[in-house]
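This report refers to the structure that appears directly beneath it.
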Amino acid sequence: MSLSRWGLLPDVMGIGPARTGTTWLHGKLSGRVDLPRGLKETKYFERYHARGVEWYASLFRHCKGDRPIAEICPYLAAPQAPEWIAEVIPNCKFIVTLRDPVDRMYSHYRMMRGYAFTRLPVEEALKVDRFLAQGSLYASNLERWFAVFPRSSFLITLYEDLRERPQTYLDCISDFIGIKRVSLAGRKERRYSINSFDRAPRSFKLAQNARHLRIRLRERGWNRTVNLLTRMEVWSWCAGGGPKFPPLTREQDARFRELYLPQIEGLEKLVGCDLSTWKSRRPPSAAANVTSLPPRAIAQSDSPTGLHEFRSKAS
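Be aware that the sequence shown starts at 48, since it is given in this note's numbering, and climbs by one per residue.
The structure is reproduced here in structure tokens:
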């Protein structure tokens, strides 16, 4: 429990980055930890910092302090997030889930297309959109966070484990937060992202108007309306229904892997792990289904490296 002069604030944050299963994690933690009332991502330490910490704390007033408090929001690439968080929650812990950087970038691009942020081809969008470009700069982003918080504050996991071994992945996160493990047995786990954005919007203008409406409703505090429309799949209907996005071509994949290679190698040195599967092109059918990495978490310590395997106690 993080009790500040403003009230209760999060003990732990899942900081993404975007397109790494944050919606899945939020759903699995709901009811087991306290989360912001009415919305998944507050974006306080990125977009809404000017609203003041009192506004942020008001989102947790319903918390009683009898269980951990968490927020799941992709702050990893947010430039000022580490310093802003340290000012109000200096003992916060962080969950980071890393995904093949090219797969993550292309998934992020498809989301941007779905929400009508851009019509540009992926190569052009990557050149002009800071959020798209920086989301996969894992080494650079983690170095910024490690400069502010001790490495022992971080649990770094792999998206491949979430997809292929969700029970092991969730057990590791439960242990890190300090909550009881729960079994996923008997629950039908989807083998794909709920928000897959596999198709372009049926209408760019419709998708754009839906995004603007959603933002306006959030800014006016009509979170229940937004959530109701989410459950009714209104937003997803507006963001899809058009032509299916093709996989990256062999040439595109090779160029992007060359672009991210320094970051991959920097990450290997930073956390002491082998990420060779991220360095070469995989067949499109395997792009979201990597199984070569064993179940594990990159458990950070204050030493330069710290790769530790974990195993599900339920197995």
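The C-beta atom is built at its ideal place from N, Cα and C for all residues, glycine as well. As the structure is a prediction and not an experimental result, all values here were calculated from the model.
Per DSSP, reduced to three states, the secondary structure at residue 266 is helical.
If you look at residue 118, you'll find it in the beta strand (DSSP E) that goes 117 to 119. Contact annotation: residue 161 and residue 286 have beta-carbon atoms nearer than 7 Å. Remark: fewer than three beta-carbon pairs, one from each stretch, lie closer than 8 Å, so the region 97 to 113 and the region 295 to 304 are not flagged as touching.
Per the C-alpha coordinates, the member of 72, 133, 300 and 153 positioned closest to residue 196 is 133.
Three or more pairs of CB atoms, one per stretch, sit closer than 8 Å, so the region 197 to 216 contacts the region 137 to 149. In chain order, 75 and 231 place their CB closer than 7 Å to the CB of residue 217, counting only its own chain and leaving out the 5 sequence neighbours on each side. Contact between the region 111 to 123 and the region 152 to 160 is not established, with fewer than three Cβ pairs separated by less than 8 Å. For residue 289, the three-state secondary structure derived from DSSP is strand. The three-state secondary structure of residue 61, taken from DSSP, is strand. Residue 120 is not a Cβ neighbour of residue 171, given a cutoff of 7 Å. Around residue 69, the same chain offers 61, 63, 119 and 121 as residues with beta carbons nearer than 7 Å, after the five sequence neighbours per side are excluded.
For residue 304, the closest C-alpha among the options 213, 152, 244 and 317 is that of 152.
Residue 223 carries a helical assignment under DSSP once its states are collapsed to helix, strand and coil.
Every alpha helix (DSSP H) of 4 residues or more that sits fully in the region 150 to 197 is shown, in chain order, as 169 to 175, 177 to 181 and 185 to 193. As computed with DSSP, residue 144 is found in a beta bridge with 204.
Straight through space, the alpha carbons of residue 188 and residue 249 are spaced by roughly 35 Å.
Comparing alpha carbon positions, the residue from 80, 85 and 53 closest to residue 266 is 85. If you draw a straight line from the Cα of residue 163 to the Cα of residue 169, it comes to about 13 Å. When DSSP states are grouped into helix, strand and coil, residue 308 belongs to the helix group.
The C-beta of residue 116 has 16 or more other C-beta atoms within 10 Å across all chains shown, which makes the residue buried. Sequence-distant partners of residue 310 (beyond 5 residues in either direction) whose C-beta falls short of 8 Å from its own C-beta, in its chain, are 148, 183, 184, 185, 186 and 187. Within the same chain, and ignoring the five residues on either side of residue 57 in sequence, the residues whose Cβ sits closer than 8 Å to its Cβ are 49, 107, 116, 117, 118, 136 and 139. In this structure, the straight-line span from the alpha carbon of residue 278 to that of residue 269 is close to 15 Å. Counting only residues of its own chain and dropping the five nearest sequence neighbours on each side, residue 264 has a CB closer than 7 Å to the CB of 272 and 273. Looking at the DSSP output, residue 248 shares a beta bridge with 288. Contact between residue 221 and residue 228 holds: their C-beta atoms lie close to 5 Å from each other, under 8 Å. Remark: C-beta atoms of residue 104 and residue 53 approach each other more closely than 7 Å. Note: residue 81 is bridge-paired with 116 in the DSSP secondary-structure output. Taking C-beta separations shorter than 6 Å and ignoring five residues to either side along the sequence, the partners of residue 154 in its chain run 66, following chain order. DSSP places residue 132 in the uninterrupted alpha helix (DSSP H) bounded by 128 to 135. Boundaries of the alpha helix (DSSP H) harbouring residue 72: 69 to 76, taken from the DSSP string.
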